[in-house]
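Following: one structure in structure tokens, then a few remarks.
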């Protein structure tokens with residue numbers, strides 16, 4: 003069971019965060035060209051994911067008390083997939099952030115923390131909707147959420163590695179939105195059937 007929940011956390015993070023990762027790549031590229039700057043940005047993202055995971059756990063604790071919680075969670079995840087399909091949430095934050103950012107080459111200590119802060123804000127705006135996807139995983143693991151948490155962190159580390167080292171290659175990937183939507187619809191079905 004431990005492996006099952008770890009893998010479910012990992013794959014949900016990869017699928018739910020796939021479009022967000024692709025959104026962050028051009029924003030980060032606009033802000034910094036240095037590896038140190040990308041690492042600072044990635045640290046901010048990591049902090050935001052941790053905070054959203056805490057929200058998801060608390061949200062799961064609340065909806066678990068409601069009858070047919072798995073259907074409610076599945077329905078919310080399906081609505082999340084549709085919101086991504088029709089760009090209800092993902093495009094506006096990206097445009098707002100890109101307007102505010104200015105490119106600076108040198109990364110001082112002050113600039114490092116500034117980039118970390120922008121990484122946090124960028125991630126928090128784009129992944130707050132992932133709270134729904136994560137909470138679906140926590141419904142059946144509230145007594146022992148560690149495997150799901152480890153899985154989500156593993157997925158986060160993989161995504162951050164992509165952002166820091168392979169951002170240019172992955173930004174050219176086609177069908178980013180379609181992959182995310184398919185993954186979330188599949189996740190909603192698995193939760194509705196109590197497979198996860």
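Numbering (the numbering used here), first residue to last: 3 to 198. Quick reminder that beta carbons are idealized off the backbone N, C-alpha and C, glycines included.
{"query": "Assigned exposure category for residue 22 - 16 Cβ within 10 Å defines buried", "result": "buried"}
{"query": "CA-to-CA distance, residue 120 to residue 151, given in whole angstroms", "result": "24 Å"}
{"query": "Same chain, Cβ closer than 6 Å to residue 87, neighbours up to 5 away in sequence not counted", "result": "183"}
{"query": "Where the alpha helix (DSSP H) through residue 82 begins and ends", "result": "71–87"}
{"query": "Buried versus exposed, by CB contacts within 10 Å (16 or more), residue 196", "result": "exposed"}
{"query": "Nearest candidate by alpha-carbon position, reference residue 20, set 179, 33 and 126", "result": "179"}
{"query": "Length-filtered (4 minimum) alpha helix (DSSP H) runs lying within the region 23–53", "result": "none"}
{"query": "Helix, strand or coil at residue 196 [DSSP, three-state]", "result": "coil"}
{"query": "Residue span of the alpha helix (DSSP H) that contains residue 143, given as start and end", "result": "Note, residue 143: premise wrong, no alpha helix (DSSP H); not H, not E."}
{"query": "Residue 70, buried or exposed, once every other Cβ within 10 Å from all chains shown has been counted against 16", "result": "exposed"}
{"query": "Classification of residue 131 by the beta-carbon crowding that lies within 10 angstroms, buried from 16 upward", "result": "buried"}
{"query": "Pick from 192, 187, 38 and 191 that is closest to residue 82, judged by C-alpha positions", "result": "187"}
{"query": "Limits of the unbroken alpha helix (DSSP H) element including residue 118", "result": "111–129"}
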